[in-house]
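Notes follow once the structure below has been shown.
Residue numbers (our numbering): 1 to 403.
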């Protein structure tokens, strides 16, 4: 296992290396294999010899050499071998990563397969982590990825950014990929800490590229705004010991004013197009949080109304859960608990720790400490990350202090 610094480097460079190798070889599995081999070699060499000045170039060279050796053994792919040998080492070619996203998001592939394949190849996220993000089983998610790769090969889907008139049909899947990529960085499902700035940074970078490519698409602007507004709070979301800090307890002087200003401007620009979509609505919700100078100034009634709009556009149990929280803040904990009761039978939330955690928080606010403690314990049993467990234990100690 790499130390945190090496892990961050590998996460940042993975998509670039894979995109380069896919662009040259057209072989998705070989590209991932070569990238993994390069990472393995780096783990052996860098702690001993020191990290190279250009880690991306080192990894790309190592991956290219591995792919070269594999293709040389195959012999029959002499054309690819010659092309690979002539390929210069590049540390970052943004067009290749956009090409990777748009190729993975071809309409011939089912939506779930598009998003899962892109996350796997672009970020190196494990199948288990992607499955958790989708709230589905790991074997089913793995099959989606395998089928998507097979379809690209069998259908001869070109590896490229498509012509302008074909972009809109692929846009929903591309936006979904960027959204999930950002979310994994915003609330990491694995790794040494609760945040993955490398992934949020990559998502924002790619969203900016997409906004330059499609400047008239309001949902692209909405997603970029959403990312900027959320990421503006990064420095205040953990304390000095790396523990999560709730939104209401964050030091707002540490929020990045430049990102907030840019995000608010993008929200206004997108909504003026009068073609609202889910990402614009979520960005408007984030704007409600970003504007007030104090948590007490938050317009929870407006947030609850926006979640109602979002639920109509893109219904999901997670959106319903977030709406319940907003209603509780606007109308009182009892109102929120009533909405949570409607979600108890939803199997998709059966292993989702935030459902009992939210119930526990509302019970705590009502002074029903014993019930809150039971709910916190249920949430603890479901929480997958150390940061979430530490946060829940701290809350539990407030309603059930250790003897």
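The beta-carbon is built from N, C-alpha and C at its ideal position, and this holds for glycine as well.
Three or more beta-carbon pairs separated by less than 8 Å are not found between the region 101 to 121 and the region 185 to 204, which leaves the two stretches without contact. Contact annotation: the region 284 to 304 touches the region 328 to 344, with at least three C-beta pairs closer than 8 Å. In this chain, the alpha helix (DSSP H) harbouring residue 381 covers 369 to 382. In the DSSP assignment, residue 279 falls within the unbroken alpha helix (DSSP H) covering 278 to 290. Rounded to whole angstroms, the separation of the alpha carbons of residue 109 and residue 151 is 7 Å. Bridge pairing for residue 244: 238 [DSSP]. For residue 104, the secondary structure class from DSSP, reduced to helix, strand or coil, is helix. Residue burial annotation: residue 165 is exposed, with fewer than 16 other C-beta atoms found within 10 angstroms of its C-beta. Along the length of the region 108 to 138, whole beta strand (DSSP E) runs at least 3 residues long do not occur. Secondary structure in the region 138 to 226: the alpha helix (DSSP H) runs of 4 residues or longer, each lying completely within the stretch, are 138 to 155, 167 to 186, 197 to 213 in chain order. When secondary structure is reduced to three states using DSSP, residue 353 falls in the coil class, being assigned neither helix nor strand.
Within the same chain, Cβ atoms closer than 6 Å to the Cβ of residue 283 are found at 222, 225, 226, 267, the five residues on either side in sequence being excluded. The shortest C-alpha to C-alpha distance from residue 209 to any of 254, 236, 102 is the one to 102.
When 40, 18, 39, 392 are compared, the shortest CA-CA separation from residue 32 is found for 18.
Uninterrupted alpha helix (DSSP H) stretches at least 4 residues long and entirely within the region 22 to 81 occur at 28 to 49, 55 to 74, given in chain order. When 231, 312, 339 are compared, the shortest CA-CA separation from residue 289 is found for 231. Buried is the label assigned to residue 233, since at least 16 other Cβ atoms lie within 10 Å of its Cβ.
Counting only runs of 4+ residues, the alpha helix (DSSP H) found wholly inside the region 289 to 337 occupies 300 to 313, 317 to 331, in chain order. In this model, residue 249 and residue 74 are separated by some 59 Å (Cα to Cα). Looking only at 167, 176, 194, the smallest Cα-Cα distance to residue 217 is reached by 167.
Assignment of residue 385 by DSSP, reduced to helix, strand and coil, places it in the coil class.
Residues 288 of the same chain have their beta carbon placed closer than 7 Å to that of residue 299, with the five preceding and five following residues left out of the count.
Under the three-state reduction of DSSP output, residue 256 falls in the coil class, being neither helix nor strand. A contact is defined here as three or more CB-CB pairs under 8 Å, and the region 190 to 204 meets this definition with respect to the region 380 to 393. The Cβ atoms of residue 128 and residue 138 sit closer than 7 Å to each other.
Under the criterion of beta carbons closer than 8 Å, residue 100 and residue 22 qualify as touching, at roughly 6 Å. Comparing alpha carbon positions, the residue from 170, 136, 114, 125 closest to residue 146 is 114. With respect to the 7 Å criterion, residue 46 and residue 149 are not classified as neighbours on the basis of their beta carbons.
Residue 249 sits in a helix when the DSSP states are folded into three classes. For residue 135 and residue 40, the gap between their C-alpha atoms comes out near 30 Å. Non-local C-beta neighbours of residue 262 in its own chain, meaning closer than 6 Å and more than five positions away in sequence, comprise 228, ordered along the chain.
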